[in-house]
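Residue numbers (my numbering): 280 to 505.
By construction, the Cβ of each residue, glycine as well, lies at the ideal position given by its N, Cα and C atoms.
All remarks here apply to the structure that follows.
Now the structure itself:
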């Protein structure tokens, strides 16, 4: 979960502008520019477009970052983050299909996410020699729930102040999820390995998936933020 020796470069989202309910951004790969539209009718907590506090802590060694791994070579772009606060539906849409999405999260206390799409936990702060995140450390685990009738739920659960990165393998054009808990705040950004045209996606996946937030109890952080 730690080594970055053979990791690949991730193309992180460049969040460019937004309102309380919509954020626009872009992925720039070696051959393409992909537009990103994020919508959240409940309203976000705040948006970072390259200025302000770097919650991803790019000043530290990439090898020790909670966000890098054998898959992810580079830390998420400094001060490029969407912070959430309200329960409700939200969606990320892409102007073309993108491959192997990575989802980096900051301070997932008092929250958790439950996906209908399986994922891999790539890295977590304070695990396997990684540094803690900006607000401290915690655990992140995956719990698979059998809903019956061939349907499953894939939960990202945590305690304390989890910071880390997960990955969804496949080609996607939209990501939708529903937050079930109000909490000010938890943040995220996303990156891709490339567009679906640039990357060989060997195992076909659905082009969309839903994400449902699951409230979990958080512990005291090492720094006050809220």
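Judged by DSSP in its simplified three-state form, residue 343 adopts helix. When the five nearest sequence neighbours on each side are left out, the beta carbons in the same chain lying within less than 8 Å of the beta carbon of residue 434 are those of 391, 392, 393, 394, 421, 422, 423, 424 and 493, in order along the chain. In this structure residue 345 touches residue 404 by the C-beta definition: roughly 3 Å separates them, less than 8 Å.
Runs of the beta strand (DSSP E) lying entirely within the stretch 327 to 397, each at least 3 residues long, are 359 to 363, 367 to 385 and 392 to 394 in chain order. Under DSSP, the beta-bridge partners assigned to residue 315 are 304 and 373. Spatial neighbours of residue 313 in its own chain (CB-CB distance under 7 Å, excluding positions within 5 residues in sequence) are listed in chain order as 305, 306, 373, 374, 375, 377 and 474.
Here the stretch 406 to 416 does not lie against the stretch 355 to 366, with fewer than 3 beta-carbon pairs under 8 Å apart.
Judged by beta-carbon spacing, residue 334 lies beyond the 8 Å limit of residue 439, meaning their Cβ atoms are not closer than that value. Secondary structure note for residue 456: its beta strand (DSSP E) is the uninterrupted segment 443 to 458. Residue state for residue 404 is assigned as coil, using DSSP reduced to three classes. Cβ contact annotation for residue 447 (same chain, cutoff 6 Å, sequence separation greater than five): 380, 396 and 398, in chain order. Using a Cβ distance threshold of 8 Å, residue 363 and residue 458 count as a contacting pair. Residue 336 places its beta carbon 8 Å or farther from that of residue 389. Judged by pairs of C-beta atoms under 8 Å, the stretch 290 to 299 touches the stretch 315 to 333, as three or more such pairs exist. When the Cα atoms are used, residue 339 and residue 308 turn out to be separated by approximately 25 Å.
About 5 Å separates the beta carbons of residue 443 and residue 419, which is inside the 8 Å limit, making them a contact pair. Pairing residue 456 with residue 369 gives a Cβ-Cβ distance under 8 Å.
Judged by beta-carbon spacing, residue 477 lies within the 8 Å limit of residue 310, meaning their Cβ atoms are closer than that value.
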